[in-house]
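Participant: In this note's numbering, the protein residues as written are 3 to 352. Even glycine gets a Cβ: it sits at the ideal position worked out from N, Cα and C.
Dropping the structure here:
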């Protein structure tokens with residue numbers, strides 16, 4: 003990278019930082035695709051992932067080429083054409099403006115959307131292109147799993163789904179869910195509006211390094227991503243504990259997408275790498291990672307999407323998690339804790 007390019011990127015990050023405290027808007031609609039606000043853990047990068055800026059309740063501009071990642075939190079996008087998109091936990095989205103269209107590429111995870119009839123937004127996944135059918139507002143939910151599996155469910159309006167590999171078919175998606183390349187064999191809750199099975203009595207709460215509730219592990223070892231399943235801890239886990247956990251992560255996965263997970267007592271239970279959950283008892287070797295990437299992982303989730311919001315199993319990767327499935331319920335507020343804090347635990351907030 004040349005000195006001039008480094009100076010330009012530094013200036014942009016400086017303006018972004020100023021925008022967090024400035025009482026006036028630093029960016030205009032002519033220089034951004036819209037704005038993003040975060041709830042809990044979300045980050046934005048405009049330099050290909052080299053530098054990440056925390057996304058909070060203050061609006062940040064969304065620029066061409068930016069990438070948004072969520073872990074235990076979510077983010078809301080208000081785009082310049084009036085579209086609103088909610089990016090759910092453990093998701094990654096990249097933005098690109100081409101020929102007047104705003105492309106939202108779901109790398110993995112899940113999002114819900116409300117698009118006006120004249121929207122300029124199209125949604126891209128590794129296997130499909132979702133384009134608007136401009137007959138009225140379009141409301142729905144889309145997810146991408148660890149192997150690129152794409153799911154779409156509309157609540158209002160229609161999108162045209164163009165398969166980009168294999169049969170290269172085009173489908174009109176309306177109220178009936180559409181899956182590309184095909185519907186997964188395992189049954190489960192794929193979308194936030196799907197009914198969820200009851201929480202097992204012996205489910206174990208799981209937490210991010212920050213102490214925020216991520217969800218729970220079932221007796222079958224599946225990770226269900228359900229922020230708010232139990233109360234957040236009163237403080238983060240000690241840095242040394244987190245460092246020791248990261249040392250157990252496969253070397254190729256030791257990056258910004260890897261999130262070690264703990265139980266309420268600080269016991270390491272495994273890690274999420276993008277859409278895949280690797281349980282501590284079955285973590286892969288480097289060669290295993292090479293062969294399971296794009297499958298569903300040791301206990302991968304459909305992209306950590308299925309385990310988002312309403313409960314999703316992180317084992318598949320998105321929309322279904324944990325080994326076979328995960329689910330998510332994005333918009334409603336998290337339910338009250340279903341498992342109380344253990345007695346005499348100073349880290350747990352009642």
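For a test of the three-state rule: what should DSSP assign to residue 247, helix, strand or coil?
Facilitator: Residue 247: helix per DSSP, three-state reduction.
Participant: Quick one: using the 10 Å Cβ neighbour count with 16 as the cut-off for buried, is residue 56 buried or exposed?
Facilitator: Exposed: under 16 other Cβ atoms inside 10 Å.
Participant: Enumerate, from N- to C-terminal direction, the unbroken beta strand (DSSP E) stretches of 3 or more residues contained entirely within the region 38-89.
Facilitator: For the region 38-89, whole beta strand (DSSP E) runs of length 3 or above, ordered along the chain, are 44-47, 62-64, 69-72, 76-81 and 86-89.
Participant: Once DSSP output is grouped into helix, strand and coil, what is the label at residue 99?
Facilitator: It is a strand residue.
Participant: Check each candidate in 164, 273 and 36 and name the one with the smallest Cα separation from residue 98.
Facilitator: Here the closest residue by C-alpha is 36.
Participant: Using the Cβ count rule (16 or more neighbours within 10 Å means buried), how would you classify residue 253?
Facilitator: Exposed is the call here.
Participant: Within its chain, find whatever has a CB closer than 6 Å to the CB of residue 342; leave out the 5 residues flanking it on each side and keep chain order.
Facilitator: No answer about residue 342 holds up, because its pLDDT of 44 lies below 50 and its placement is not dependable.
Participant: In the structure shown, what three-state DSSP assignment does residue 110 receive?
Facilitator: DSSP places residue 110 in strand when its eight states are reduced to three.
Participant: Can you tell which of 165, 156, 128 and 132 has the C-alpha that lies nearest to the C-alpha of residue 149?
Facilitator: Nearest option by C-alpha distance: 128.
Participant: Would you report the Cα separation of residue 364 and residue 170, rounded to the nearest angstrom?
Facilitator: Residue 364 is absent from the structure shown; the chain starts at 3 and stops at 352.
Participant: Helix, strand or coil for residue 179? Go by DSSP, reduced to three states.
Facilitator: Looking at residue 179 - three-state DSSP - the assignment turns out to be coil, as it is neither helix nor strand.
Participant: Using a Cβ-Cβ cut-off of 8 Å (strictly less than) and excluding sequence neighbours within five positions of residue 172, which residues of its own chain qualify?
Facilitator: Counting only Cβ-Cβ distances below 8 Å, and skipping sequence neighbours, we find 162, 163, 164 and 165.
Participant: Whose CA, out of 280, 155, 209 and 219, lies closest to the CA of residue 266?
Facilitator: The candidate whose alpha carbon is nearest that of residue 266 is 209.
Participant: Assuming residue 144 contacts residue 138 (C-beta within less than 8 Å), just tell me the rounded distance between them.
Facilitator: The Cβ separation is near 18 Å, so there is no contact.
Participant: Give a yes or no on whether the C-beta atoms belonging to residue 211 and residue 134 are separated by under 8 Å.
Facilitator: No. Outside cutoff.
Participant: Measure the CB-CB distance between residue 95 and residue 70 and report whether it falls below 8 Å.
Facilitator: Yes. Within cutoff.
Participant: I believe residue 54 touches residue 62 by the beta-carbon criterion, under 8 Å. Please report the beta-carbon distance rounded to the nearest angstrom.
Facilitator: So it is not a contact: roughly 12 Å between Cβ atoms.
Participant: Cα-Cα, which of 260, 117 and 112 is closest to residue 1?
Facilitator: The question about residue 1 has no answer here: the residues shown for the chain are numbered 3 through 352.
Participant: Alpha carbon to alpha carbon, what distance is there between residue 196 and residue 207?
Facilitator: Using only the alpha carbons, I get a separation of about 22 Å.
Participant: Would the beta-carbon of residue 93 fall within 8 Å of that of residue 79?
Facilitator: No, Cβ-Cβ distance for residue 93 and residue 79 is not below 8 Å.
Participant: From residue 82 to residue 123, what does the alpha carbon distance come to, in whole angstroms?
Facilitator: The straight-line gap from Cα to Cα measures roughly 10 Å.
Participant: According to DSSP, which residues form a beta bridge with residue 124?
Facilitator: Answer is 105.
Participant: Would the beta-carbon of residue 76 fall within 8 Å of that of residue 90?
Facilitator: Result yes, Cβ atoms of residue 76 and residue 90 sit closer than 8 Å.
Participant: Rounded to a whole number of angstroms, what is the C-alpha to C-alpha distance between residue 73 and residue 260?
Facilitator: Taking the straight line from one Cα to the other gives about 10 Å.
Participant: Any chance the region 231-248 sits against the region 214-223, with 3 or more Cβ pairs inside 8 Å?
Facilitator: With a cut-off of 8 Å, the region 214-223 and the region 231-248 count as touching, because enough Cβ pairs lie within range.
Participant: How many angstroms separate the CA atom of residue 156 from the CA atom of residue 68?
Facilitator: Each residue's alpha carbon lies about 26 Å from the other.
Participant: Would you tell me roughly how many angstroms separate the C-alpha atoms of residue 130 and residue 140, rounded to the nearest one?
Facilitator: Each residue's Cα considered, the two are about 18 Å apart.
Participant: Quick check on residue 177: buried or exposed, where buried means 16 or more other Cβ atoms within 10 Å of its Cβ?
Facilitator: It counts as exposed.
Participant: Assuming residue 142 contacts residue 115 (C-beta within less than 8 Å), just tell me the rounded distance between them.
Facilitator: That belief holds up - the Cβ atoms of residue 142 and residue 115 are roughly 6 Å apart, short of 8 Å.
Participant: Could one say the Cβ of residue 90 lies closer than 8 Å to chain D's Cβ atoms, at least one of them?
Facilitator: Here chain D cannot be found, since the structure has a single protein chain.
Participant: So, helix, strand or coil for residue 206, using DSSP?
Facilitator: Note: residue 206 maps to strand in three-state DSSP.
Participant: Does the beta-carbon of residue 229 have 16 or more other beta-carbons within 10 angstroms, so that it is buried, or is it exposed?
Facilitator: Per the 10 Å Cβ criterion, buried.
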